[in-house]
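The structure appears right after this line, and notes come after that.
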Amino acid sequence: MKFERQLATEVFQGSTLITMLFLLLVLLVG
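In structure tokens, the structure reads:
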């Protein structure tokens, strides 16, 4: 159960990082 929580946290952080990079790309292109 602890492992599942850690995995979910890593996935959430990864998604947040991807979102930030996407927004940065949009700002640079736009």
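First residue of the sequence shown? That's 79 in the working numbering, and the numbers climb one at a time after it.
Glycine included, every Cβ here is placed at the ideal spot set by N, Cα and C.
Backbone CA spacing between residue i and residue j [nearest angstrom]
i: Gly92; j: Phe81; result: 16 Å
i: Thr87; j: Val107; result: 30 Å
i: Met98; j: Phe90; result: 12 Å
i: Leu85; j: Met79; result: 10 Å
i: Leu101; j: Arg83; result: 27 Å
i: Ile96; j: Val104; result: 12 Å
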